[in-house]
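Peer 1: Take this structure, written in structure tokens, and hold onto it; I'll ask about it next.
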Amino acid sequence: MTRLTPFLSAIALLAAVPAHAQDAYPSRPVRLIVNFPAGGPLDTVARLVAERAGRDLRQPVVVENRAGAGGNVGAEAAARAAPDRYTLLMSTDTLVTVNPFAYRKMAFDPVRDLQPIGLAGTFNQVLVTHPDLKAGNLNQFLALARSKDLSYASAGIASPGHIAFEMLKVRTRIPATHVPYKGNAPALSDVLAGQVPAGFLATPTAVQYIRSGKLVPLGFPATSAIRCCRTCPPWPKPASRALTPSLLS
């Protein structure tokens, strides 16, 4: 779910901050770095923000995808940019809540070197499988995982899907091999092709393929129904509780 109106208002306030230079802000295009690949939910929201913010600021807002290292590559580029309000970052909150613990050496401090502007939205993760796996619900999937080696895809190491599935493994004591990708879009492609039998992906990435029957939803670890995916069942206990990451900028 996006919250673009208050978020765009926060971006518009950048123009009200006094500038050291005589030129009014913005006097040139603004760069919006997305620290995950094109085609994923973060990229989709960023492009909506860029279009509307560009109209409000009367300057182009150019989306630049800088993926890698769980979002650290793009975030570092934003942290190293001049503090002149011409470089913004669209990221998930895992940059602050997870990455400092998942990556031993980060070349920047996300709390010290980046200034939050606002919350653009939230999204759920959904566990999906290729239809050929023949797992119609979570319990059937768990039974299959206990009987043979299974692998699952996620948007990358320390991504919300990775963490959620590892929590599921701990609580249900199933074995499974993690296959990390550089974002939701490439992970989705391999699950759709049957290269990886399952994936823990952002719901906006997977929902159209769930509706068309190309993916089987096994459920989502959320406390409320997903509006855009009425066919997705909530997880039964003792499955993991929700991981609902936020889109930050």
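The opening residue of the sequence shown carries number 118 in our numbering; numbering runs sequentially from there. Glycine included, each C-beta is placed from N, C-alpha and C at the ideal position. Quick caveat: nothing in here was measured; it's all calculated off a predicted structure.
(1) Apply the 10 Å Cβ neighbour rule to residue 292 and answer buried if 16 or more other Cβ atoms are within range, or exposed otherwise.
(2) For residue 193, I'd like the list of residues in its chain whose CB is within less than 7 Å of its CB, leaving aside the five on either flank, ordered along the chain.
(3) Which two residues bound the contiguous alpha helix (DSSP H) that contains residue 216?
(4) Enumerate, from N- to C-terminal direction, the unbroken alpha helix (DSSP H) stretches of 4 or more residues contained entirely within the region 172-229.
(5) Compare the beta carbon distance of residue 187 and residue 214 with 9 Å and say whether it is the shorter of the two.
(6) So what does residue 276 bridge to, in DSSP terms?
(7) By DSSP, does residue 325 sit in helix, in strand, or in coil?
(8) Check this for me: beta carbons of residue 326 and residue 245, under 9 Å apart or not?
(9) When the cut-off is 9 Å and only beta carbons count, does residue 220 lie next to chain C?
(10) Helix, strand or coil for residue 163 per DSSP?
Peer 2: So, to answer that:
(1) exposed
(2) 224 and 225
(3) 216-219
(4) 189-197, 211-214 and 216-219
(5) no
(6) The partner list for residue 276 (beta bridge, DSSP) is empty, contrary to what the question assumes.
(7) helix
(8) yes
(9) As a matter of chain content, chain C is missing from the structure shown, which is built from one protein chain.
(10) helix
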